[in-house]
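I have placed the structure first, in the form of structure tokens, so that the comments after it can refer back to it.
Numbering (the numbering used here), first residue to last: 21 to 290.
This is the structure:
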């Protein structure tokens, strides 16, 4: 019952954060704040990287290889998560819309930026990634590991804020109708909390080694998203260094937070 209460709480917080961030550009003139969005996206990428490399992947390997699976299978789970996101992108359901709404008049011309065919397709793409976020948190909860749950939740929450903000900006631009944009935002916002509850329910009684593979799969998706989110800016000579600094800041924040939680005995890495 205690774990279920935690699942409901995390699902509720995730839903509220996504809805709030996505509604901001619908009701306030903040859509043009390109630098703020790039900063949030870069920092979130750093948080995702730190969460994946410091906690999710090491913990996932320990859990999965402690049972019936070897290192090759465990590594394959990370690869599968990365390739799954790549497949979504290749199928036209990308998640990277952070630059879609402000680069069309950029004198520098980002040739790698493409404009999605419809608001619905981009919402579906973001929704698919949001489902993997929910899987990460739900699987972490099912393991009973506090440090794993905390790190996964923080990483997902920090990334979801700029993602939801982008959904709000993009859908308002494409739809031109606040009601329809709100429907898109709601669909996106519901994906992660619903998957948290579903994954927690379905994975609660399975072998711990399988949970480890689920965590590793999520770690692979984190690595993909963190990389793709900042690559456009990193490849641009005028924004590359700043993008790198943003990622380092995000990674440092996550590492410091995990260290502080461990130092105060709130979680343990032992």
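Using N, Cα and C, we set each Cβ at its ideal position, and we do this for glycine too.
- Here the C-alpha atom of residue 93 lies approximately 24 Å from the C-alpha atom of residue 109.
- The beta carbons of residue 186 and residue 57 sit about 7 Å from each other, so the pair counts as a contact at 8 Å.
- In the three-state DSSP reduction, residue 259 falls in the coil class, being neither helix nor strand.
- According to the DSSP assignment, residue 96 belongs to the alpha helix (DSSP H) that extends over 91-110.
- With the rule of 3 Cβ pairs closer than 8 Å, the stretch 186-201 does not count as touching the stretch 262-269.
- Taking C-beta atoms as the reference points, residue 159 and residue 231 count as a pair closer than 8 Å.
- In this structure, residue 74 sits away from residue 217, with a CB-CB distance that is not shorter than 8 Å.
- Boundaries for residue 226: no alpha helix (DSSP H) harbours it, and the DSSP string shows neither H nor E there.
- DSSP places residue 61 within a helical segment (H, G or I) once states are collapsed to three.
- The straight-line gap separating the alpha-carbon atoms of residue 41 and residue 88 is approximately 42 Å.
- With contact defined as three or more Cβ pairs closer than 8 Å, the stretch 232-239 and the stretch 76-85 are in contact.
- The Cβ atoms of residue 168 and residue 273 do not sit closer than 8 Å to each other.
- Per DSSP, reduced to three states, the secondary structure at residue 270 is helical.
- Under the three-state reduction of DSSP output, residue 165 falls in the coil class, being neither helix nor strand.
- The C-alpha of residue 275 lies about 32 Å from the C-alpha of residue 207.
- A residue is called buried when at least 16 other Cβ atoms come within 10 angstroms of its Cβ; residue 45 meets this threshold and is buried.
- The three-state secondary structure of residue 282, taken from DSSP, is helix.
- Judged by DSSP in its simplified three-state form, residue 86 adopts coil rather than helix or strand.
- Per DSSP, the continuous alpha helix (DSSP H) segment holding residue 42 begins and ends at 22-47.
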